[in-house]
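Participant: Right, I'll just put the structure down here and ask away after.
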Amino acid sequence: MYFVYLIVSKNKKKTISYVGYTNNVEKRLKNHNDSKGAKFTRGRKWKLIYFKNYYSKTKALKEEYKLKKNYYLRNKIKRRFNENFNFTTI
């Protein structure tokens, strides 16, 4: 089982996001928050706001690529998150 996920962090007044894929979402989020994840994610505190599972790695990679390039969908997910949760806890 593979997962495509979206994490967010607060950068001054702006919400930044990162999309990735993994076979263990909890471990991957911990790595990002411990500055052991992707170079872009180092030094920030991240919150998982979206993930979806796939049975094949190939399908997960294709969907990760689509979500990375689809800024409209990423922003829609971020807006939904900001409306439903207090973002200051990051």
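The opening position of the sequence shown corresponds to residue 379 in the working numbering, with each subsequent residue numbered one higher. Every residue gets a Cβ at the ideal spot worked out from N, C-alpha and C, and that includes glycine. Note that the structure is predicted; figures quoted are calculated from it, not measured.
Quick check: the segment 380–392 against the segment 418–433, are there 3 or more CB pairs under 8 Å?
Facilitator: Yes, they touch.
Participant: Would Leu451 pass as a contact of Val397 if the rule is Cβ separation under 7 Å?
Facilitator: Position 73 of the sequence shown, counting from 1, holds the residue named residue 451. Position 19 of the sequence shown, counting from 1, holds the residue named residue 397. No. Outside cutoff.
Participant: Just confirm the distance between the C-beta atoms of Thr419 and His410, as a whole number of angstroms; I'd bet it's less than 8 Å.
Facilitator: Within the sequence shown, the letter at position 41 stands for residue 419. Within the sequence shown, the letter at position 32 stands for residue 410. Between His410 and Thr419 the Cβ distance is about 4 Å, and since that is below 8 Å, they are a contact.
Participant: For Phe459, which of Val382, Thr393, Met379, Lys435 has the nearest alpha-carbon?
Facilitator: Sequence index remark: in the sequence shown, residue 459 carries index 81 (1-based). It is Thr393.
Participant: Using a Cβ-Cβ cutoff of less than 7 Å, which residues in the same chain neighbour Glu442 once the five nearest sequence positions on both sides are dropped?
Facilitator: Here residue 442 refers to the residue found at position 64 of the sequence shown. Only Val382, Val397, Gly398, Tyr399 meet the Cβ criterion.
Participant: Rounded to whole angstroms, what's the CA-CA distance from Tyr449 to Asp412? Just pull it up for me.
Facilitator: The residue labelled residue 449 in the question sits at position 71 within the sequence shown. The residue labelled residue 412 in the question sits at position 34 within the sequence shown. Answer to the nearest angstrom: the Cα atoms are 26 Å apart.
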